[in-house]
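Here is the structure we will look at.
Residue numbers (this note's numbering): 31 to 419.
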């Protein structure tokens, strides 16, 4: 029976994914246009294709902030809020380096390409138009079977509007991403997430000719994709029974969803010594704490002690443990970009990488699985919080 399964997989490392890509499997990261965090830059620098969604709305995307150019110590407004990114024009008054009538996606991606020349980065619109015949058929099948999914219009002024009857308007105004000029100052229907993501999965299945593919998710998609799974499964079954390319699709398509935001252990070349120092101290801290735990176990499992000896020993061990933990907390202060949320002061983007000598990726960022990277980060956060208390 035909089926689509989407499963979270945090057991793979970036090195594993690069190897799978070399073996012919589809490995793809879908991000957004805007300010890329270190984990996205790590992925791009390792040669994994970076598809950047360009129909997000300025002023709303709180992970990528496309309406701004951000660095760890500076913020510059690029355009006004409330616009579809691929139709938003850069305000030349605020951005003196912008080209004449440059669009926001062009400006943001130019800095990514300059910071990471080896990156294979492209917009969602470019990706869909490259596969226009397949995507057009997917859209037609979606309109016939899932018309309620089409709910947004891109307006002539670059803003958007909700329209529950958007599917009916496609024959008149088209789908923005597939129109001859997606940037045109004309009303068009915006492709809904369900159809956009399905097009992605189908294109990758057709190109790779594999029944399994690996999709690198940020912090959001790995959560919201579960809400789409029932409709996506019905959609896939429909495609397998009606699409002209149905025989080229596997009966069982498996998408492994990789929570790649865990690969955060990267920074600029200038900040490399601080990150390396933190990871080195963390390794030593774990060894020291393990040694203290061994001493404690040996003491309390040996010959009976009196109450006073036990209290003195416990106090000594606690003091030594606090000293070890304080050291890691102090070193962690030198790597603030590892802990601050996107958009906050200290948040490192491609603009910092461009200004500070390139990108440094810690070896563990490539070698450890996403689960192990998550555990390492939580360990650091816990140590920092313990000291603050």
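Even glycine gets a Cβ: it sits at the ideal position worked out from N, Cα and C.
Would residue i be called buried (16 or more neighbouring beta carbons within 10 Å of its own) or exposed?
i, result
"residue 374", "exposed"
"residue 192", "exposed"
"residue 412", "exposed"
"residue 37", "exposed"
"residue 78", "buried"
"residue 271", "exposed"
"residue 233", "buried"
"residue 387", "exposed"
"residue 379", "buried"
"residue 86", "buried"
"residue 53", "exposed"
"residue 301", "buried"
"residue 138", "buried"
"residue 105", "exposed"
"residue 289", "buried"
"residue 194", "exposed"
"residue 299", "exposed"
"residue 15", "Since the first residue shown for the chain is 31 and the last is 419, residue 15 is missing from the structure and cannot be characterised."
On the three-state DSSP scale, how would you describe residue i?
i, result
"residue 33", "strand"
"residue 123", "coil"
"residue 244", "strand"
"residue 419", "Bear in mind that a pLDDT of 43 at residue 419, under 50, signals an unreliable position, so the model cannot answer this."
"residue 212", "coil"
"residue 289", "strand"
"residue 76", "coil"
"residue 106", "strand"
"residue 301", "coil"
"residue 390", "strand"
"residue 118", "coil"
"residue 90", "coil"
"residue 365", "coil"
"residue 38", "strand"
"residue 283", "strand"
"residue 310", "helix"
"residue 47", "helix"
"residue 332", "coil"
"residue 404", "helix"
"residue 399", "strand"
Find out if the Cβ-Cβ distance for the pair residue i, residue j is shorter than 7 Å.
i, j, result
"residue 135", "residue 220", "no"
"residue 98", "residue 114", "no"
"residue 273", "residue 162", "no"
"residue 293", "residue 403", "yes"
"residue 101", "residue 381", "yes"
"residue 179", "residue 222", "yes"
"residue 76", "residue 44", "yes"
"residue 400", "residue 91", "no"
"residue 117", "residue 246", "no"
"residue 145", "residue 384", "yes"
"residue 203", "residue 190", "no"
"residue 312", "residue 392", "no"
"residue 261", "residue 224", "yes"
"residue 229", "residue 279", "no"
Do you know how far the Cα of residue j is from the Cα of residue i?
i, j, result
"residue 409", "residue 415", "10 Å"
"residue 422", "residue 208", "Outside the shown range of the chain (31 to 419) lies residue 422, about which nothing can therefore be said."
"residue 164", "residue 47", "26 Å"
"residue 122", "residue 159", "28 Å"
"residue 26", "residue 231", "The requested residue 26 does not occur in the structure, where the chain is confined to residues 31 to 419."
"residue 407", "residue 315", "14 Å"
"residue 269", "residue 398", "37 Å"
"residue 287", "residue 129", "37 Å"
"residue 84", "residue 182", "15 Å"
"residue 395", "residue 173", "42 Å"
"residue 370", "residue 362", "12 Å"
"residue 283", "residue 170", "21 Å"
"residue 56", "residue 240", "8 Å"
"residue 140", "residue 327", "57 Å"
"residue 154", "residue 206", "12 Å"
"residue 147", "residue 291", "21 Å"
"residue 119", "residue 307", "42 Å"
"residue 357", "residue 257", "43 Å"
List the endpoints of the continuous beta strand (DSSP E) containing residue i.
i, result
"residue 137", "It is not in any beta strand (DSSP E) - residue 137 instead sits in the alpha helix (DSSP H) that spans 134–145."
"residue 59", "56–62"
"residue 182", "182–184"
"residue 374", "Premise fails: residue 374 is in no beta strand (DSSP E) and is neither H nor E."
"residue 296", "296–298"
"residue 151", "151–153"
"residue 192", "190–192"
Tell me which residue opens and which closes the alpha helix (DSSP H) that residue i is part of.
i, result
"residue 206", "No alpha helix (DSSP H) holds residue 206; DSSP gives it neither H nor E."
"residue 253", "251–272"
"residue 101", "It is not in any alpha helix (DSSP H) - residue 101 instead sits in the beta strand (DSSP E) that spans 98–101."
"residue 162", "162–175"
"residue 277", "Here residue 277 belongs to no alpha helix (DSSP H), and DSSP marks it neither H nor E."
Tell me whether residue i counts as near the ligand ADP, meaning its Cβ is closer than 6 Å to at least one heavy atom of that ligand.
i, result
"residue 37", "As presented, the structure is devoid of all ligands, the ligand ADP included, so that no description of it is given."
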